[in-house]
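Below: the structure, in structure tokens.
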Amino acid sequence: MKRFLGFLFVVLLCSARLLAQGNEFALARQYTANGEPEKALELYDKLYKQDAEAYFSFYLNTLFELQKFDIAETAAKKMVKQYPKNNKYVIALGGVYTKKNEKEKANLLYDDLIKGIPANPSEISNVASQFYQAGNVDYAIKTFLQGRKKIGKDELFANELITLYRYKRDKINITEEFLNFLPTNAGYLGQAQYTLSTLYEGDEDYDMLRTALLKRIQKDPQQIIFINMLTWMYMQQKDYDQALNQTLALSRRTNSDGGDVYDLCRTLVINEAYDAAIRGYEFVINKGKTQPWYTSAKIELIDAKNLKITSGKYVFNDLVGLEKDYLDLLTELGRNSSTVYAMQRLAKLEAFKLHKLDDAQKLLEEVGKMPNVRAELAASCKLDLADIYLLNKLPWEATLLYSQVEKDNPNTAMGQDAKFRNAKFSYYTGDFAFAKSQLMVLKSATSQLIANDALNLSLLVTDNLSADSAGSALKVYAKADLLIFSQEPEKAMVVLDSINVLYPNNILTDDILMSKARIYIQQKNYTEAIVQLKKIFTENPTELWADDAVYMLADIYDNQLNDKEQAKTLYQKIITDYPGSLWINDARKRFRILRGDNTENL
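Numbering (mature numbering (1 follows the signal peptide of the UniProt record, and there is no 0)), first residue to last: -20 to -1, 1 to 582.
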């Protein structure tokens, strides 16, 4: 019984002591947080004497803060002597020497420590981790490199070194480390490309990568991963022809089915490198009809030509040539579920560029009768057919088809798109009340683009009906809007110019300017577009379209006229003058990039 009571007394005594230490430790940390290190040191000194291992790091850091380096050195030496097998105290002592500007002493200490580590991966990792935790990244790296030599395996610790080099933004060494690592770890290619893209800041960095890659390709020409990296590098530098050349050469060497070239071409199209994409698709097609990518490449080739022609200045004969390419394709491959996408593209070309509405309508009606068409593609074709019905003066057929797609695709982007097109149909035909009711629902659409467009159109209708309950001027404006939609810009301009003549007191000034700006942008007439956009935000800086006009103007200077300073000024204007704009995040990101900020965390 006495023995039990004695044991209980010891337990209670220890518990009381631990509780007291806990309270003192919490108070010491509070003093540190409050900027009172002298008071914190009094408590840490007491706690350190009670339990050196538990409180050493807190005690040492407080000594550092008060620049009491001699006391820190004494404490660290004591811990090294008391715990000779615990490397963290040797590292802590080195840290003291560094604080005292005795770096040679610190380095000798660290070098001796590294030399003594056994050739054991876990021991090496442990010491490197202790260096890292002490804030000494250079010696963490040195530990891993020395460990490689000891064990005799150059591929060891690759992930750890890549992480440390990334932390230091050491572009040269992280590049070399990735190039050592990737040949046996091809699955990390995407991660390597992403990491390097966040570190590299310009052509100089990519030139360094190219030099390193070419050396390795000369040494090991069969290593495909280096060719893939070289292709990616050319894409990053927007040297699209060289990127394609590398992929073509690799495809010839490996006698691939062309899938690698086809995938690259789709990326080239996204980057508007149409000539390179066309050359790549032609390569895939020339591999023959028996190859799996033949049909897709034939379709994508004409689409690339379509985009090339329609994105620039073209003449009517260019469009006729495109139409013939599509018709020849359908003659060769037939009209079936595999060529529906080509039929859809042809119909849009005929409807919106050649204005052959009957031909386009028949083509998409034919698609509607086909079996085995992918559901999403079939719905997309129905929406395009409804648009053509609208243009072809078949309003009831149009609204029925919009409603059908909306009903068949509830709570999806496709369904919301159908609802928005139906609302615009009502707007075009002058049924503003119904249009407004539909648009009010769409303001909360999951698609930000549809929600924004719905909000803008809803405000347009509401404001104009408040000023003119009959909506007379708005009906004329809606007619011009429909002509813009049907890609008849000259006719649209005439109607837009008539509004102020017919209704001099209308409130559509900014809307008319915005519509004209969009027409000019579509025509690549940026000089006139700039005039219209500047009028919007200089004459009416607080109106609905002001922030849109600023952002569109910034985008023109940024991506079309390559005037980065003007673009930067306008992006900053969005940030400062229109903080509630839907463009605020994009403007902030572009501004930071143009200012030269590190884009890794943008």
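Where is the CB? At the ideal position from N, CA and C, for every residue including glycine.
In the three-state DSSP reduction, Q62 falls in the helix class (H, G or I). Taking V347 as the centre and dropping the five residues before and after it, the same chain places the C-beta of V320, M323 and C361 closer than 6 Å to its C-beta, in chain order. Per DSSP, the continuous alpha helix (DSSP H) segment holding R146 begins and ends at A138 to K148.
Apart from the 5 residues on each side of it in sequence, K267 sits with its Cβ closer than 6 Å to the Cβ of G238 in its chain, given in chain order.
L193 sits away from L224, with the two beta carbons spaced by 8 Å or more. Here the alpha carbon of D364 sits roughly 40 Å from the alpha carbon of R232. Rounded to whole angstroms, the gap between the alpha carbons of A526 and S495 is 13 Å.
Bounds of the alpha helix (DSSP H) holding E157 are K151 to F161.
Spanning the alpha carbons of V385 and A359 requires a straight line of approximately 6 Å. In the structure shown, G75 falls within a helical segment according to DSSP collapsed to helix, strand and coil. Relative to I152, the option among G127, E184, D200 and A472 whose CA is nearest is E184. With fewer than 16 other Cβ atoms from the protein chains shown falling within 10 Å of its own Cβ, G301 counts as exposed. The residues T123 and Q126, in chain order, have a CB closer than 6 Å to that of I94 in the same chain once the five nearest residues on each side in sequence are set aside. Rounded to whole angstroms, the separation of the alpha carbons of A172 and I204 is 15 Å. One thing to note: Q396 has its Cβ no nearer than 8 Å to the Cβ of S406.
Under the three-state reduction of DSSP, T191 is assigned to helix. C-alpha of R570 to C-alpha of Y500: approximately 24 Å in a straight line. Restricting attention to A32, S37 and Q30, the CA atom closest to the CA of R9 is found in S37. Taking a cut-off of 8 Å on C-beta distances, the region 475 to 492 touches the region 440 to 458, as three or more cross pairs fall below it. Judged by DSSP secondary structure, G182 falls outside any alpha helix (DSSP H); it is assigned neither H nor E.
For the set T409, Y186 and I510, the Cα lying nearest the Cα of A547 is the one of I510.
The beta carbons of N391 and L562 sit about 23 Å from each other, so the pair does not count as a contact at 8 Å. Counted as a single uninterrupted DSSP element, the alpha helix (DSSP H) harbouring G301 occupies residues F296 to L313. Excluding five sequence positions before and after R196, the CB atoms of its chain that fall closer than 8 Å to its own CB belong to L159, Q203 and F206, given in chain order. DSSP, read as helix, strand or coil, puts G560 in coil. In this chain, the alpha helix (DSSP H) harbouring D535 covers A526 to D535.
For I121, the enclosing alpha helix (DSSP H) begins and ends at V117 to I131.
Fully enclosed alpha helix (DSSP H) runs of no fewer than 4 residues occupy 320 to 332, 337 to 348, 355 to 371 and 375 to 388 of the region 316 to 403, in order along the chain. For W273, no alpha helix (DSSP H) encloses it, and the DSSP letter there is neither H nor E. With respect to D305, I282 sits close: the two C-beta atoms are nearer than 8 Å. With contacts defined as CB atoms closer than 8 Å, L309 and K278 qualify as a contacting pair. Relative to the Cα of G314, the nearest Cα in the group D298, K65, L343 and S291 belongs to L343. One alpha carbon belongs to T379, the other to M394, and they sit about 15 Å apart.
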